[in-house]
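Under UniProt numbering, the first residue of the sequence shown is numbered 1, with each subsequent residue one higher.
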Amino acid sequence: MAIIAVAVGKCIVEGLVQHDGHKIFILSRGENVPTLGVNHLLAQYDDVEATAQTLQQAKIDTLLSTIGVRNKKASEAQINLIRSSHISSTTRRFIVSAYDKLQVQEYDHLPVHAHASLAPRVKYTLDALEELEKTYLSYTRVVNGLFLDYYGMPHWKTSVHPWLNVVNMEKRWAYL
Numbered sequence: 001m002a003i004i005a006v007a008v009g010k011c012i013v014e015g016l017v018q019h020d021g022h023k024i025f026i027l028s029r030g031e032n033v034p035t036l037g038v039n040h041l042l043a044q045y046d047d048v049e050a051t052a053q054t055l056q057q058a059k060i061d062t063l064l065s066t067i068g069v070r071n072k073k074a075s076e077a078q079i080n081l082i083r084s085s086h087i088s089s090t091t092r093r094f095i096v097s098a099y100d101k102l103q104v105q106e107y108d109h110l111p112v113h114a115h116a117s118l119a120p121r122v123k124y125t126l127d128a129l130e131e132l133e134k135t136y137l138s139y140t141r142v143v144n145g146l147f148l149d150y151y152g153m154p155h156w157k158t159s160v161h162p163w164l165n166v167v168n169m170e171k172r173w174a175y176l
């Protein structure tokens, strides 16, 4: 049985709860009552030591980050979660929030973040992976591509934030 902490990720928590066998915690910035029968842990994303202590006290062995890393502040929160997980003596595994597509440094001769100015989220993903490489943590990435939830909005129940891309189902238009 794994003891798992999930940073954000309502849909993932719901899925984990349906499959008994793991003890699940939700990392939260504030005090919350249990949701879905899952307890919350106070996470101070800007305080690496305090969050590490929280992870250790709850005996978290796997941290699953589902933070929507869309800006620098969210990226820093994930980096701090990686650092907290590394400091915690109980945390051994980390799943990084980089679900959309496989971001890799394509050419060895380029600086690490050469193409990041075109897409800051690429830089945020590469920063997180770079930070994970500095740790003893075993880590993985779940690269599922575009969530189909985006194409079902607003008719499909989802926890993801709306994102306009080349198709807008609600307004019934597509850019071809």
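Each residue gets a CB set at the ideal place from its N, CA and C atoms; glycine is no exception.
{"Asked": "Given that a residue counts as buried once 16 or more other Cβ atoms are within 10 Å of its Cβ, and exposed if not, what is residue 196?", "Found": "Shown here, the chain extends from 1 to 176; a query on residue 196 therefore has no answer."}
{"Asked": "Can you tell me which of the three DSSP states H40 falls into?", "Found": "strand"}
{"Asked": "Does DSSP put R93 in a helix, in a strand, or in coil?", "Found": "strand"}
{"Asked": "What I want to know is whether the C-beta of K23 ends up closer than 8 Å to one or more non-hydrogen atoms of the ligand FMN.", "Found": "Among the ligands in the structure shown, none appear at all, so the ligand FMN cannot be discussed."}
{"Asked": "Which residues share a DSSP beta bridge with Y139?", "Found": "F94"}
{"Asked": "Which residues mark the beginning and the end of the beta strand (DSSP E) in which A7 is found?", "Found": "3-7"}
{"Asked": "If you follow the beta strand (DSSP E) that Q88 is in, where does it begin and where does it stop?", "Found": "According to the sequence provided, residue 88 is Ser. The question's Gln does not apply to it. It is not in any beta strand (DSSP E) - S88 carries neither H nor E in the DSSP assignment."}
{"Asked": "Report the rounded CA-to-CA distance for S89 versus K23, giving the unit in angstroms.", "Found": "18 Å"}
{"Asked": "Quick check: what's the CA-CA separation for I12 versus W156?", "Found": "17 Å"}
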